[in-house]
Amino acid sequence: MTSPIRTTCPYCGVGCGVLVNRTDQGITVSGDPDHPANFGRLCSKGSALAETIGLEGRLLTPRIAGQEAGWDEALDLVARRFAETIALHGPDSVGFYVSGQLLTEDYYAANKLMKGFIGSANIDTNSRLCMASSVAGHRRAFGSDTVPGLYEDLELADLVVLTGSNLAWCHPVLYQRLLAARSARPEMRVVVIDPRRTATCEIADLLLPIAPGSDAALFNLVLAALAERGLTDTGFLQHVTGAAAAIATASASDPALTGLDPALLAQFIDLWCGTEKVVTVYSQGINQSATGTDKVNAILNCHLATGRIGRPGMGPFSVTGQPNAMGGREVGGLANMLACHLALENPVHREAVQDFWQSPRMADAPGLKAVEMFEAVEAGKIKALWIMSTNPAMSMPQADRVARAIAACEFTVVSDVMAETDTTLLADVLLPAAAWGEKDGTVTNSERRISRQRAFRAAPGEARPDWKIISQVAERMGWGASFAWNSPSEIHAEYAALSGMAGQLGSDFDISDGPGDYETMPPTLWPQSPARRGGRFFTDGRFHTPDGKARMVPVTPAAPAPHRPGTLRLNTGRIRDHWHSMTRTGLSPRLSAHIAEPFLEVHPDDATRIGLNPAGLAQLSNGHGSAILRVLITDRVTPGQVFAPIHWSGRNAAAGRIDALVTGPTDPVSGQPALKEALVHVAPFRAA
Ligand code: SF4
């Protein structure tokens, strides 16, 4: 037997290390005991990786208008149509919509082509749907998008607060680590804040069934109590501005907004105020909101006011959804960012990156964020669109409308692993991409740890790595010399050199003195500067703002969402054993055995009122889409709310795309859509 290949799981942002063993019988996977994210653990999805790498459904050759084509013909067409569109309508008439599934090297190539050579910042990512509000909150408070802590802080804390996070199902190995730490340290307390009773609630010492959307009010009440009780850290506040204004605003918050029993609320506030080692973990329940950035800052305010940040067992902790959401942030793969945590709005940073790339032009203004990009497609302003490794016709808010916009776009390219997704079916040109296990690169997990993904088999058919496809289009557009990489290690070397330049401009994202040889690179935390190597941020009170101080941001909690008679509030989320649109996890019968079909959680009172029967079918509608789901009557949801998972596709005609029903606004700061805030009509389904 050959020695196992060390690689990284391609699903969630925990970023677990995986050992792949190749035997005569096939491939087996196991957790890598030496990887610091998981120490050998895997969850159900990671354990089933070997069952999901078959060729069923793979896109194996380029296609033009649905017909098989050669690579040269397809690449020539893509380059020509993009060049013609730019020549006729300008750089902002084209867009790239990319993905947290891409490896960092792929992301780097796409970002360089769009921002430095096409000269537009119209490159945004599906990570906009999952963590953009955390990015925006971090930048407002810290002056940079920097996650302060480490996974081990969850194990070292005396109080772990999980808010808007179903950690047990969405970041299972981190949850396993928390469970193990809690049984080893019985003094640890865990609070779960969620309007819905999820699997994560099983670990809770205290459960707060908060009113949807009221997280900012809750953390404001904590901040007000800290100030009232004299528990703020006056020493640390020397490194912070805005405390007085933030506390004054917080003190005006109405406890009734939280919808919590006053005794429960008091218990939580006492716990938070009375425990030094607090970690507040948050995820999509905070981020996917019209006020997500404010919610993030309300959390950060509490940690900044008490100096409970960047020290062992203390800090706010945003857990990312996708395997490389963090790598995408580092490489500047968002419409409002530059690579290596440099700022697109900073002319010195822009000029330095352009110099480094020796590029003919440089985007000088933020581009269109995800929702805006598809609105521009619909309006005919984006005339050529390249979608890489993601499925927006299913996952964007108002997905049916987005699908119609993509179908009507003058020229749409989709590079993907799978042949038939809601989005690939709409493309003019389809480009087959190499999948997990077939390509090399790096990813960064939620705690800033950069790990290698390694190939362990050849790509099937004519599939190619994304970075190669991007550089071959760039070459045909006349920029071959700047994209003449022969391997992802060459891209990584260029990226590391750029980060060294960024380091000279003050960025802590300097990986130029990194872990050495690309092939043998161990999982590596940044920062790597001698002073902060592999550690936490901000313990020293030094932030990335111009004056070096953090900002506490006054947060006025949003008013409760308006209720429209006859509607229920739809909350969406993930289930334990499926990933996104199930193109891979759907291949494993074992994973589908956990929950086999889409469902709707409805409270018994609502079910009785509406006339829904257990295991019957319900039809959801709201003028933007509709879906038919199996009824699950449960008090896991409160009256007035329903919950449905996101995974099933519109291609399962009976189910419908759940995100088609999501009409929500976007957060005005982060541009993240409110994927958990739709109002829907629910009725028993009756076949015509
Ligand atoms: Fe993969 Fe996430 Fe599961 Fe780890 S926790 S095995 S990264 S899906």
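Per full-length UniProt numbering, numbering of the sequence shown is gapless, rising by one per residue and ending at 688. A virtual CB, placed ideally from N, CA and C, is assigned to each residue, including glycine.
Asked                                                                                                                                                                     : Found
Please state whether DSSP places I118 in a helix, a strand or coil.                                                                                                       : helix
So, at 6 Å on beta carbons, what are the nonlocal neighbours of T412 in its own chain, with the 5 sequence-adjacent residues on each side left out?                       : L385, I406, A427, D428
In its own chain, which residues sit with a C-beta less than 6 Å from the C-beta of K115, not counting the 5 before and 5 after it?                                       : A121, A363
Which same chain residues end up closer than 7 Å to A39 when comparing Cβ atoms and leaving out the 5 residues on each side of it in sequence?                            : For clarity, residue 39 is Phe in the given sequence; the question names Ala instead. Answer for F39: P33, listed in chain order.
Hey, which unbroken runs of the beta strand (DSSP E) at 3 residues or more fall wholly within the stretch 285–342?                                                        : 315–318
N301: buried (16+ other C-beta within 10 angstroms of its C-beta) or exposed?                                                                                             : buried
Do you know offhand how far F217's Cα is from N336's?                                                                                                                     : According to the sequence displayed, residue 217 carries Ala and not Phe. Cα-Cα distance, rounded: 28 Å.
With a Cβ-Cβ cutoff of 8 Å, do S144 and T125 count as a contact?                                                                                                          : no
Kindly indicate the opening and closing residues of the alpha helix (DSSP H) around W169.                                                                                 : 167–170
Helix, strand or coil: how does DSSP classify Y282 here?                                                                                                                  : strand
Going by C-alpha to C-alpha distance, which of T249, G149, T200 sits closest to P312?                                                                                     : G149
Please classify E202: does DSSP put it in a helix, a strand, or coil?                                                                                                     : helix
With 16 as the cutoff for other CB atoms within 10 Å, does residue 763 come out buried or exposed?                                                                        : In the structure displayed, the chain extends from 1 to 688; residue 763 sits before or after that span and is not available.
The ligand SF4 heavy atoms versus the CB of G46: any closer than 7 Å?                                                                                                     : yes
Output needed for A419: all residues of its chain with C-beta closer than 7 Å, excluding positions within five of it in sequence on either side, in chain order.          : G57, R58, L59
Taking 7 Å as the line, does the beta carbon of P151 fall inside it for any heavy atom of the ligand SF4?                                                                 : As written in the sequence, residue 151 is Tyr, which differs from the Pro given in the question. Not so, every heavy atom of the ligand SF4 lies at least 7 Å from the Cβ.
Taking only beta-carbon positions, decide if K369 is within less than 8 Å of chain C.                                                                                     : The structure shown has no chain C; it contains just one protein chain.
Among all the DSSP beta bridges, which residues are the ones paired with L162?                                                                                            : V192, V281
When the Cα atoms are used, what is the spatial distance from S670 to S289?                                                                                               : 10 Å
Are there any heavy atoms of the ligand SF4 lying less than 7 Å away from the beta-carbon of P172, as far as the coordinates show?                                        : yes
What is the residue span of the beta strand (DSSP E) that residue 690 lies within?                                                                                        : The structure shown does not extend to residue 690, since the chain is modelled only from 1 to 688, so the question has no answer here.
Specify whether the stretch 153–161 and the stretch 175–182 touch according to this definition: at least 3 beta carbon pairs, one from each stretch, less than 8 Å apart. : yes
How would you call N346, buried or exposed, if buried means at least 16 neighbouring beta carbons within 10 angstroms?                                                    : exposed
Check this for me: beta carbons of T572 and I646, under 8 Å apart or not?                                                                                                 : yes
Kindly give me the distance between the Cβ atoms of Q354 and T8, rounded to whole angstroms, as I take these residues to be in contact under 8 Å.                         : Not a contact, Cβ separation roughly 32 Å.
Looking at the structure shown, is F356 part of a helix, part of a strand, or coil, going by DSSP?                                                                        : helix
Would you call H580 buried or exposed, if buried means 16 or more other Cβ atoms sit within 10 Å of its Cβ?                                                               : buried
Starting from R139, follow the alpha helix (DSSP H) in both directions and report where the run begins and ends.                                                          : 132–142
So what does DSSP say about W526, is it helix, strand or coil?                                                                                                            : coil
Taking the alpha helix (DSSP H) that V402 falls in, what are its first and last residues?                                                                                 : 399–408
How long is the line joining the alpha carbons of A83 and G95, rounded to whole angstroms?                                                                                : 12 Å
L55: buried (16+ other C-beta within 10 angstroms of its C-beta) or exposed?                                                                                              : exposed
Enumerate in chain order the residues of its own chain whose CB-to-CB distance from E410 is below 7 Å, with the five nearest sequence positions on each side excluded.    : K383, A384
Do D422 and S389 have their C-beta atoms closer together than 8 Å?                                                                                                        : no
From which residue to which residue does the alpha helix (DSSP H) around W467 run?                                                                                        : 466–474
Closest by CA to R185, which one among L207, V160, L167, I193?                                                                                                            : V160
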